[in-house]
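Residues 1 to 354, numbered by my numbering, are exactly what the sequence shown covers, in order. The structure appears below as structure tokens.
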Amino acid sequence: MRKLITYFSMVISAALLGVSTVSAGEIPETQVTVIGTNSTVRHAVIPEKRFWNETLPKITNGKITANYNNMDLMGIKGFQVLRLLKAGVTDFGSSDVSKLAGDNAAFEGCDLAGLALDVNAARAICDAWKPTMDRIMQKQFNTKLLATGANPPQVFWCRDPINQLSDLKGRKIRVFNKTMSDFVNAVGGTTISMAFAEVVPALQRGVVDCAVTGTTSGNSAGWTEVSDYIYPMYLGWSVGFQGVNLDSWNRLGPDAQRALIDGFKLLEDDLWATVAVSASQADNCNTGKDPCDYGKKAKMTIAPVKDADKGLHKELMENVVLVEWGKRCGKDCVVEWNNTIGKVVGMAIPLDKI
1 MRKLITYFSM
11 VISAALLGVS
21 TVSAGEIPET
31 QVTVIGTNST
41 VRHAVIPEKR
51 FWNETLPKIT
61 NGKITANYNN
71 MDLMGIKGFQ
81 VLRLLKAGVT
91 DFGSSDVSKL
101 AGDNAAFEGC
111 DLAGLALDVN
121 AARAICDAWK
131 PTMDRIMQKQ
141 FNTKLLATGA
151 NPPQVFWCRD
161 PINQLSDLKG
171 RKIRVFNKTM
181 SDFVNAVGGT
191 TISMAFAEVV
201 PALQRGVVDC
211 AVTGTTSGNS
221 AGWTEVSDYI
231 YPMYLGWSVG
241 FQGVNLDSWN
251 RLGPDAQRAL
261 IDGFKLLEDD
271 LWATVAVSAS
281 QADNCNTGKD
291 PCDYGKKAKM
301 TIAPVKDADK
311 GLHKELMENV
321 VLVEWGKRCG
331 KDCVVEWNNT
341 IGKVVGMAIP
351 LDKI
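Here it is, written out as structure tokens:
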């Protein structure tokens, strides 16, 4: 773990050489408040803390400091972060974009279940949709989008054996967004929405039979102690955002803004690079092998995805997930998706089905 942290610290330090800092006199001394991601999600928390504790002091000559706290330790749920940013309760905040879909369905657009099957595709899709999310955040939530990130691929964690998608029929399955619900309902599962922190006791007591989360996220949060089986069918990447209240942003002034824009580019690269490493090691952690830098070694059983399920996965994503999301988002939204993400992935949501 120390070697990996040292590696990323070296990468960030090298990148900082190319970031122009301004003189101390050009940035007023300011302390900002920050709501960070869940404390148990190490592959996101480590880059966040690295940014607020190390990168920020370097790019602002120590003039901007941060009061950083994780949402779960503050009793805050993911969907509340954007609302708190809008209200100015916090200056900066991070959360999962799909958990904002209750406020605007467009936020799901770059993390639809089954759309991205590798981390590079996930980032390319998000890059294409960032202008849309930023526009909505600024107009409706008084928040500027500064960066995106992700978690490892979202998969099924189950108490009882699972070898194929049809095994989910009749099971109670925890999901955390509507696009996952569309997919799970289509294969006959019963979806239950609940917060990440509530899943361990729910699995332990049999309130749910299975739950969806990242391949590393579940490990670091103790899901290996209450479930024994993983089916690695990808249902998204739990894409995250880093945002700032616009009033807070404007108060910082142009010099601090320029420094922070450069800094958040570094954070964005760090978040995506760290999740790539974390995802590549997830199976090792979950089955008790090395290297395992972002989790604990466990003895999970991981069933390989069957070829028939790969075909079903694609069919459900195109004919159910995309269409149902399009209905929630509306035709104008779908047209924008087709002209941005659609061009990246080489597909279009048919308007006649919306």
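Backbone N, C-alpha and C fix where the C-beta goes; we use that ideal spot for every residue, glycine too. On a predicted model such as this, the values are computed, not experimentally measured, just so you know.
Item, Value
"For LYS144, write down the residues that DSSP places opposite it in a beta bridge.", "VAL244"
"Do you know offhand how far GLY149's Cα is from GLN140's?", "22 Å"
"Taking C-alpha atoms, which residue in PRO350, ALA105 and GLU48 lies nearest to GLY263?", "GLU48"
"Secondary structure at GLN154, three-state DSSP: helix, strand or coil?", "strand"
"Would you mind reading off the limits of the alpha helix (DSSP H) that contains GLN164?", "Note, GLN164: premise wrong, no alpha helix (DSSP H); not H, not E."
"TYR294 bridges to which residues according to DSSP?", "Paired residues: none, contrary to the question."
"In its own chain, which residues sit with a C-beta less than 6 Å from the C-beta of ALA122, not counting the 5 before and 5 after it?", "ALA116, ALA150 and TRP237"
"How would you call PRO152, buried or exposed, if buried means at least 16 neighbouring beta carbons within 10 angstroms?", "buried"
"Put SER193 into one of helix, strand or coil per three-state DSSP.", "strand"
"ASN69: which of ALA279, LYS296, LYS169 and GLY93 sits nearest, CA to CA?", "GLY93"
"Considering only the alpha carbon of each residue, which of GLN164, ALA279, MET300 and ARG174 lies closest to SER193?", "ARG174"
"Examine the Cβ distances between the region 232-252 and the region 87-105 and report whether three or more of them are shorter than 8 Å.", "yes"
"How big is the Cα-Cα spacing for THR65 and ILE35?", "14 Å"
"By how many angstroms is the C-alpha of SER95 removed from the C-alpha of GLU315?", "29 Å"
"Mind checking whether CYS292 and ALA106 have CB atoms under 8 Å apart?", "no"
"GLY188 and LEU203 look like a contact to me (Cβ under 8 Å); what is the Cβ gap, rounded to whole Å?", "Their Cβ separation, rounded to whole angstroms, is 20 Å, which puts GLY188 and LEU203 out of contact at 8 Å."
"For SER23, which of helix, strand or coil comes out of DSSP?", "With a pLDDT of 49 at SER23, under the threshold of 50, the predicted position of this residue should be treated as unreliable, and no value is reported."
"Rounded to the nearest angstrom, how far is the Cβ of TRP325 from that of LEU112, given a contact under 8 Å?", "6 Å"
"With a cut-off of 8 Å, do at least 3 Cβ pairs link the region 126-141 to the region 279-297?", "no"
"Evaluate the contact criterion for the region 75-88 versus the region 299-314: three or more CB pairs, one atom per stretch, below 8 Å.", "no"
"Counting along the chain, where does the beta strand (DSSP E) carrying SER95 start and finish?", "92-96"
"Nearest to ALA221 by CA position, among CYS285, PHE241 and LEU271, is which residue?", "CYS285"
"Report all residues from its chain with a CB closer than 8 Å to the CB of PHE183; omit the five preceding and five following residues, and keep chain order.", "ALA113, GLY114, LEU235, LEU316, MET317, VAL320 and VAL321"
"Going by alpha carbons, who is nearest to GLY240 out of GLY62, ILE125 and GLU29?", "ILE125"
"Where do the ends of the alpha helix (DSSP H) carrying THR179 lie?", "178-186"
"Using 8 Å for Cβ pairs, my map puts ILE76 next to ALA256. What's the rounded Cβ distance?", "At roughly 26 Å, the Cβ-Cβ gap does not stay under 8 Å, so ILE76 and ALA256 are not in contact."
"Run through DSSP, which three-state label would LYS49 get?", "helix"
"Taking the Cβ atom as the reference point for each residue, do GLY218 and TRP157 lie within a distance shorter than 8 Å?", "yes"
"For MET300, is the classification buried or exposed, using 16 other Cβ atoms within 10 angstroms of its Cβ as the cut-off for buried?", "buried"
"Work out the CA separation of ARG159 and GLU225 for me, nearest whole Å.", "10 Å"
"Can you tell me the Cα-Cα spacing of THR30 and GLY62, whole angstroms?", "9 Å"
"Using only the alpha-carbon positions, how far apart do THR60 and ALA101 sit?", "34 Å"
"Taking only three categories from DSSP, how would you classify VAL239?", "coil"
"Can you list the beta strand (DSSP E) stretches of 3 or more residues lying completely in the region 53-90, in chain order?", "64-70"
"Nearest-angstrom Cα distance between GLU198 and ILE230?", "19 Å"
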